[in-house]
Amino acid sequence: MKLYQLINITIKMGTTATVAAGVQSFYQAETAKGKLLGVFFSDIGELNQVVVLRSYASQQELDDENARLAAQENLFGASENIIRYSVENFAGFDFLPEVEVGEFGPVYEIRTYELKNGGVPHVLEAWKNAVPTRTQYSKLTIAMYALDGTPRIVSIWPYASLNERSEVRAKSVADGIWPPKGGPQWLTHEMKSMIALPTSISPLK
């Protein structure tokens, strides 16, 4: 099982660079475990958000980092600029490869869908059948399902521009490729999307 984590940080306006630097410092510590994949800031959707994407080799690594994060006295060395934060833990869709870091954006769409009870295996099967063709249109950074909280999936898609995003999504729908057949009926009406851009310290660009 590929384990991932999203840390969602609501910050004071104009403090993205300071908070991102604190995130970088925290995860460069010798005691840090796991791998930093992306540090993004919101551009469209809920504003003043920093989103951190990380991966872990084991449940023990994930647990250790959750404990280390919770024990901070000065959150990311920038508590005065942080209003609140939340941590979400995920398993990657098992048929997808590990996240590849590099320059694929700079526009990243982070999509979240809540699922009906029991929906995860059905959504996994639907995506498994559709993703190979869908990713011929544009790259998929990651798709993952929640290990805590409300049943949900999160997918992250990089694009060169907002125009490319609109064109790719319209074409994949028109061609009958997306959304994946057999998937939508397992979604609730709770859906959200954020357009985010990588910070200067993000491995995903």
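Position in the sequence shown (first residue = 1) + 4 = this note's numbering.
Cβ coordinates follow ideal geometry from the N, Cα and C atoms, glycine included.
- Assigned with DSSP and collapsed to three states, S206 falls in coil, not helix or strand.
- Take the alpha-carbon of T35 and the one of G81: they are about 16 Å apart.
- The beta-carbon distance between S159 and V103, rounded to whole angstroms, is 12 Å. This is too long to meet the 8 Å contact definition.
- M195 is not a Cβ neighbour of Y89, given a cutoff of 9 Å.
- Burial check for E69: the Cβ neighbour count within 10 Å reaches 16 or more, so the residue is buried.
- M5 sits exposed, since fewer than 16 C-beta atoms from the chains shown fall within 10 Å of its C-beta.
- Counting the other Cβ atoms within 10 Å of the Cβ of V135 gives 16 or more, which makes it buried.
- With a threshold of 16 other beta carbon atoms within 10 Å, L57 meets it and is buried.
- In this structure, the straight-line span from the alpha carbon of K16 to that of W131 is close to 37 Å.
- In the three-state reduction of the DSSP assignment, D98 falls in the coil class, being assigned neither a helical nor a strand state.
- Following the DSSP letters along the chain, one finds W161 inside the beta strand (DSSP E) bounded by residues 156-163.
- Taken in chain order, the complete alpha helix (DSSP H) segments of 4 residues or longer contained in the segment 55-84 are 63-74.
- By alpha-carbon distance to E113, the top candidate from H193, W161, G42 is W161.
- Contact annotation: V55 and I86 have beta-carbon atoms that are not nearer than 9 Å.
- Following the DSSP letters along the chain, one finds L7 inside the beta strand (DSSP E) bounded by residues 7-15.
- Within the model, the alpha-carbon separation for E168 versus G49 is close to 18 Å.
- The criterion of a C-beta distance shorter than 9 Å is not satisfied by I205 and V91.
- Between the C-alpha atoms of M198 and Q64 there is a straight-line separation of about 30 Å.
- Annotated three-state conformation of L128 is helix, per DSSP.
- Pairing T22 with F45 gives a Cβ-Cβ distance that is not under 9 Å.
- Annotation: K37 to V177 spans about 40 Å, alpha carbon to alpha carbon.
- Taking every protein chain shown into account, the CB of T154 has fewer than 16 other CB atoms within 10 angstroms, so this residue is exposed.
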